[in-house]
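Number of protein chains: 2
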Amino acid sequence: MSLRHAVLGLLSSGPASGYDLLKIFELSLANVWPATQSQLYSELGRLADAGFVAVAAEGPRGRKEYAITDAGRAELRHWMTEVEPTPFNRSDMLLRVFFLGELDAEEARAYLRGRAEAADRRHRGLAELREVVAKGDDPLSVYGLMALEWGLRFAAVQRDWAAWAERELDRIRTPEDRREDQG
Amino acid sequence: MSLRHAVLGLLSSGPASGYDLLKIFELSLANVWPATQSQLYSELGRLADAGFVAVAAEGPRGRKEYAITDAGRAELRHWMTEVEPTPFNRSDMLLRVFFLGELDAEEARAYLRGRAEAADRRHRGLAELREVVAKGDDPLSVYGLMALEWGLRFAAVQRDWAAWAERELDRIRTPEDRREDQG
DNA sequence: ACGGACATGTAATCGGTTACATGATTAC
DNA sequence: GTAATCATGTAACCGATTACATGTCCGT
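Residue numbers (this note's numbering), protein chains in the order written: chain A, 1 to 183; chain B, 1001 to 1183.
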């Protein structure tokens, strides 16, 4: 139930409409907590019902500008300081690794190589993104850079692990070993 | 929709009942793709409807032993070799980082320190687990060790990143910087 | 005889995704 | 005038979680 807190977090630095929030999600939280338009509007409705946000102003085209309330701020703080982050996530990338034995040696190798390449692409993409973002000095950019650094380190580890695993595959699945297994 | 493939993957090395699968999920896939009992049984029903698995034998207490079919094997291979793994996951740990500016310097520091400690605990837990698992030579253990290695590297990166971020916090939020910000 | 493990199933709820649906304002 | 952007909302569906519900076999 963190979309709620993502919205509260964004509203904590100033009022915004659902439409505004959607843009912010797309450009700064996309890699960390993606949200769709329909999700945002319904969440804003629920947050208003719960008293965590309130409509502060109305504009043209039915625009509703939401502002965080004291209760909302309290909820945000509570979530940030008292609630333990979820320790890990499902990974269909790793799930496939468990079943690598079902593939031919070459297919398995191709899978791991693909992971290394994807991680490398991601690493380069984030490095590029950092150059673009580095100029901003608003809080979201400053802390966004911390998150970005995490992404860079994570991508590097993924890349290096996949390369290691590919070598490991050779160790496990050489014809010699296979013969021993059967013998 | 990967629970389906997790089940197919487990059944690819031999028939099993829902109950059996549940045990395997708990002890070997728990960190990668957790599944609940109710989810497993309904997924087995759907897989049977789709022709990817079939009841191979019935035992005491209504036990139904499922076996993977050729269509199931084909689906598993397709998923492993053709379907691109999802590139990244939501992280409420990183989401909080974006809003660190809403906390006092000390609370923010405590958050990052907590992350470093949690990662360190996890690293030690996995290292211990590796000692236990290292003995098995069944495919699930062999490839499970690859996944475990990933977990170890991931935990190490998380720990080091959190320590880095804590120092970074000092850089950003020293009283000197604050004064400059306002000036 | 009885408790623990074995064994399967259903229902309610929740958060997220996709698609549908509508309309107002602004810049050219 | 008209296209792009601004702006909100609803409905159907899907996968995951939690709780409820039931019954059997085996070892002691």
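We treat Cβ as the ideally placed atom computed from N, Cα and C, and that holds for glycine.
The model shown is predicted, which means the values in this text are computed figures rather than measured ones.
**Asked** What separation, rounded to the nearest whole angstrom, lies between the Cα atoms of Asp170/A and Thr1069/B?
**Response** Taking C-alpha positions only, Asp170/A is separated from Thr1069/B by approximately 29 Å.
**Request:** List the residues of chain A that Glu1168/B touches, going by C-beta distances under 7 Å, in chain order.
**Result:** Here the neighbours are Met146.
**Message:** Would Leu1047/B and Val1053/B qualify as a contact pair, given that the criterion is a beta-carbon distance under 7 Å?
**Reply:** Cβ atoms of Leu1047/B and Val1053/B: closer than 7 Å.
**Asked** Rounded to whole angstroms, how far is the Cβ of Leu1126/B from the Cβ of Ala1155/B, which I believe are closer than 8 Å?
**Response** That belief holds up - the Cβ atoms of Leu1126/B and Ala1155/B are roughly 6 Å apart, short of 8 Å.
**Prompt:** Does the distance from the CB of Trp33/A to the CB of Leu1100/B come in under 7 Å?
**Reply:** Not a contact, by the Cβ cut-off of 7 Å.
**Item:** Residue environment, Gly144/A, which counts as buried when at least 16 other CB atoms sit within 10 Å
**Value:** It counts as buried.
**Request:** Spell out whether any CB of chain A is found under 7 Å from the CB atom of Ala1006/B.
**Result:** Interface flag for Ala1006/B against chain A is set, since a Cβ pair is found closer than 7 Å.
**Asked** Mind checking if Pro15/A is an interface residue toward chain B, Cβ cutoff 7 Å exclusive?
**Response** Residue contact with chain B for Pro15/A: absent (no Cβ-Cβ distance below 7 Å to any residue of chain B).
**Cβ-based burial, Gly183/A [other Cβ within 10 Å; buried from 16]** = Residue confidence for Gly183/A is low, a pLDDT of 43 falling below 50, so the modelled location carries little weight; the figure read from the coordinates is stated next. Looking at its Cβ environment, which holds fewer than 16 other Cβ atoms inside 10 Å, Gly183/A is exposed.
**Prompt:** Between the Cα of Glu1166/B and the Cα atoms of Ala1105/B, Leu1040/B and Ser1002/B, which residue gives the shortest distance?
**Reply:** Answer by Cα proximity: Ala1105/B.
**Message:** I want to know whether the region 3-10 of chain A touches the region 68-82 of chain A - three or more CB-CB distances under 8 Å.
**Reply:** Yes, since at least three Cβ pairs between the region 3-10 of chain A and the region 68-82 of chain A fall closer than 8 Å, the two stretches touch.
**Prompt:** Could one say the Cβ of Tyr143/A lies closer than 7 Å to chain B's Cβ atoms, at least one of them?
**Reply:** Chain B contact via Cβ: present.
**Item:** From Pro1060/B, Gly1151/B, Lys1023/B and Asp1020/B, residue whose alpha carbon lies closest to that of Glu1128/B
**Value:** It is Gly1151/B whose Cα lies nearest to the Cα of Glu1128/B.
**Message:** On the CB-based measure, 16 or more other CB atoms within 10 Å of its CB, does Leu27/A come out buried or exposed?
**Reply:** Its Cβ having fewer than 16 others within 10 Å, Leu27/A is exposed.
**Item:** chain B within 7 Å of Gly9/A, Cβ atoms only
**Value:** Interface criterion met: the Cβ of Gly9/A is under 7 Å from a Cβ in chain B.
**Request:** Verify the CB distance criterion: does Ala1165/B have a CB-CB separation below 7 Å to chain A?
**Result:** For Ala1165/B, a Cβ of chain A is located within less than 7 Å of the residue's own Cβ.
**Prompt:** Using a C-beta to C-beta distance shorter than 8 Å, which residues of chain B count as neighbours of Tyr66/A?
**Reply:** Those within 8 Å of Tyr66/A in chain B number zero; the least Cβ separation is about 16 Å.
**Item:** Assigned exposure category for Pro85/A - 16 Cβ within 10 Å defines buried
**Value:** Counting Cβ neighbours within 10 Å, Pro85/A comes out buried, since at least 16 surround it.
**Request:** With 7 Å as the threshold, decide whether the Cβ of Phe1052/B is near any Cβ in chain A.
**Result:** No, its Cβ sits nowhere closer than 7 Å to a Cβ of chain A.
**Request:** Measure the beta-carbon distance from Tyr1041/B to Gly1018/B and round it to whole angstroms, keeping in mind my assumption that it falls under 8 Å.
**Result:** About 5 Å; that satisfies the 8 Å criterion.
**Prompt:** Hey, how far is the Cα of Val1142/B from the Cα of Ser2/A?
**Reply:** A straight-line Cα-Cα distance of about 36 Å links Val1142/B and Ser2/A.
**Request:** Indicate whether Ala119/A and Gln158/A have their beta-carbon atoms separated by less than 7 Å.
**Result:** Closer than 7 Å, so yes.
**Asked** Quick one: which chain B residues come within Cβ less than 7 Å of Phe154/A?
**Response** Near Phe154/A (Cβ distances below 7 Å), the residues of chain B are Val1157.
**Request:** Closer than 7 Å by beta-carbon distance: list the chain A residues that pair up with Phe1088/B, in chain order.
**Result:** Using a Cβ-Cβ cut-off of 7 Å, Phe1088/B is close to Asn31 of chain A, given in chain order.
**Message:** Quick check: is any heavy atom of the ligand ADP less than 6 Å from the C-beta of Arg113/A?
**Reply:** Of the ligands one can find in the structure shown there are none, so the ligand ADP has no counterpart to examine.
**Request:** Answer with yes or no whether the minimum CB distance from Gly72/A to chain B is below 7 Å.
**Result:** So, not an interface residue.
**Request:** Could you please tell me which residues of the region 88-103 of chain A, in chain order, have their CB closer than 9 Å to any CB of chain B?
**Result:** Of all residues in the region 88-103 of chain A, Phe88, Asn89, Arg90, Ser91, Asp92, Met93, Leu94, Leu95, Arg96, Val97, Phe98, Phe99, Leu100, Gly101, Glu102 and Leu103 have a Cβ within less than 9 Å of some Cβ in chain B.
**Test: Glu107/A CB closer than 7 Å to a CB of chain B** = It does: the Cβ of Glu107/A has a partner Cβ on chain B nearer than 7 Å.
**Prompt:** Using the beta-carbon of each residue, which ones in chain A are nearer than 7 Å to Ile1172/B?
**Reply:** Neighbours of Ile1172/B in chain A, taken as residues at a C-beta separation under 7 Å, are given in chain order as Val142.
**Request:** Show which residues of chain A have a CB atom less than 9 Å away from the CB atom of Glu1149/B.
**Result:** In chain order: Trp161, Trp164, Ala165 and Glu168.
**Prompt:** What is the DSSP secondary structure of Glu58/A, counted as helix, strand or coil?
**Reply:** Of the three classes helix, strand and coil, the one that applies to Glu58/A here is strand, per DSSP.
**Request:** With Glu82/A as the anchor, note down where its alpha helix (DSSP H) starts and where it stops.
**Result:** In the DSSP assignment, Glu82/A falls outside any alpha helix (DSSP H), carrying neither H nor E.
**Prompt:** Under a CB-based cut-off of 7 Å, is Met80/A close to chain B?
**Reply:** Taking 7 Å as the threshold, the shortest C-beta distance from Met80/A to chain B falls below it.
**Message:** Which residues in chain A have a C-beta closer than 7 Å to the C-beta of Ala1134/B? List them in chain order.
**Reply:** Using a Cβ-Cβ cut-off of 7 Å, Ala1134/B is close to nothing in chain A; its nearest Cβ partner there is about 13 Å away.
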